[in-house]
Amino acid sequence: ETAVFQTPNYHVTQVGNEVSFNCKQTLGHDTMYWYKQDSKKLLKIMFSYNNKQLIVNETVPRRFSPQSSDKAHLNLRIKSVEPEDSAVYLCASSLTAISNERLFFGHGTKLSVL
Amino acid sequence: AQKVTQTQTSISVVEKTTVTMDCVYETRDSSYFLFWYKQTASGEIVFLIRQDSYKKENATVGHYSLNFQKPKSSIGLIITATQIEDSAVYFCAMRDASSGSWQLIFGSGTQLTVMP
């Protein structure tokens, strides 16, 4: 049963545009994440957000920025998209940031940049 | 630095047989946690099973079990009595404290196809 909700499912846009993806979890979890999955299925952590503390992956370009209004929501904004941003963006949550906690994933948002 | 390696890109088996998927990892931490996740054709990623590094017993959940060989930094996933619906991409993953934030790092995945 899905408890991490992502919108939209798909988004097609042109180079240079700004896009925003939404993520909401109804599990009462403290920690949320954004992952990027490329065409080869490689999953890379982008951001994690735990109790108002943002942890940034230093390899993420500055045009990506997470936005959180509360611990149940973690949105992702991409300012001025590039062709290499085409991918599936997966939102996830875990009860806490503690090491052994499993992640619950949303169904992903597929971004195509023309 | 953390690293998780899955060398098998794809595996095909006949249903009702047993399959093992390999995974090796690198970490400098003495305490770490290993996970296997499954991604179905719809794109949904679900957690399957976890092994804590300090536990000697191999974890087992349903028809999933792990072959944890700590000296070899290896955590294989064993699926017994495979079913058609086990066809998916299987990801090995690890969390340790070396990044300072217990990030979950994934391997590149193994595509499993179960044939009738």
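Chains as they are written, first to last, in this note's numbering: chain L, 1 to 114; chain E, 1001 to 1116. Glycine is no exception: its CB is placed at the ideal position from the N, C-alpha and C atoms.
Notebook entry, point to check: Are residue 1104 of chain E and residue 1088 of chain E touching if we call contact CB-CB under 9 Å?
Noted result: Cβ atoms of residue 1104 of chain E and residue 1088 of chain E: not closer than 9 Å.
Check: In chain order, what residues of the same chain have a beta carbon less than 7 Å from the beta carbon of residue 1037 of chain E, not counting five sequence neighbours either side?
Finding: Once the five neighbours on either side are set aside, the close Cβ partners of residue 1037 of chain E are 1045, 1046, 1047, 1048, 1091 and 1093.
Notebook entry, point to check: For residue 1007 of chain E, which option in E:1054, E:1001 and E:1024 has the closest C-alpha, if you only look at C-alpha atoms?
Noted result: E:1024
Note to self: I'd like the ranges of any beta strand (DSSP E) spanning at least 3 consecutive residues and lying wholly in the stretch 1025-1084 of chain E.
What the structure shows: 1032-1039, 1045-1052, 1064-1069 and 1074-1079
Note to self: Between residue 108 of chain L and chain E, is any beta-carbon pair separated by less than 9 Å?
What the structure shows: yes
Item checked: Sequence-distant residues of the same chain with beta carbon closer than 8 Å to residue 57 of chain L, five excluded per side -> 44, 45, 46 and 47
Next item on the list: Assign residue 1114 of chain E to one of two classes, buried (16 or more other C-beta atoms within 10 Å of its C-beta) or exposed (fewer than that).
Entry: buried
Checklist line | Bridge partner(s) assigned by DSSP for residue 1086 of chain E | finding: Checking the DSSP bridge columns, you'll see residue 1086 of chain E has no partner listed.
Next item on the list: Compare the C-alpha of residue 14 of chain L against each of L:4, L:50 and L:82 and name the closest.
Entry: L:82
Check: Looking at the structure shown, is residue 38 of chain L part of a helix, part of a strand, or coil, going by DSSP?
Finding: coil
Check: Taking Cβ positions only, does residue 1069 of chain E come closer than 9 Å to chain L?
Finding: No - not a single Cβ of chain L is within 9 Å of the one on residue 1069 of chain E.
Checklist line | Short Cβ contact (9 Å threshold) for residue 1097 of chain E with residue 1022 of chain E | finding: no
Notebook entry, point to check: Can you tell me whether DSSP reads residue 1116 of chain E as helix, strand or coil?
Noted result: coil
Next item on the list: Count the other C-beta atoms from every protein chain shown that fall within 10 angstroms of the C-beta of residue 63 of chain L, then say buried if there are 16 or more, exposed otherwise.
Entry: Classification of residue 63 of chain L: exposed, given that the 10 Å Cβ count is below 16.
Check: When DSSP labels each residue in this structure, what does residue 8 of chain L get in the three-state scheme?
Finding: coil
Notebook entry, point to check: On the three-state DSSP scale, how would you describe residue 61 of chain L?
Noted result: coil
Item checked: For residue 1096 of chain E, the three-state DSSP class (helix, strand or coil) -> strand
Next item on the list: To the nearest angstrom, report how far apart residue 1056 of chain E and residue 1110 of chain E are at their CA atoms.
Entry: 25 Å
Note to self: Please list, in chain order, the chain L residues whose beta carbon lies closer than 7 Å to that of residue 1062 of chain E.
What the structure shows: Residues of chain L passing the Cβ test: none, with the nearest at roughly 15 Å.
Notebook entry, point to check: Could one say the Cβ of residue 1044 of chain E lies closer than 9 Å to chain L's Cβ atoms, at least one of them?
Noted result: yes
Item checked: Residues near residue 60 of chain L by beta carbon distance below 6 Å, same chain, minus five either side -> 46
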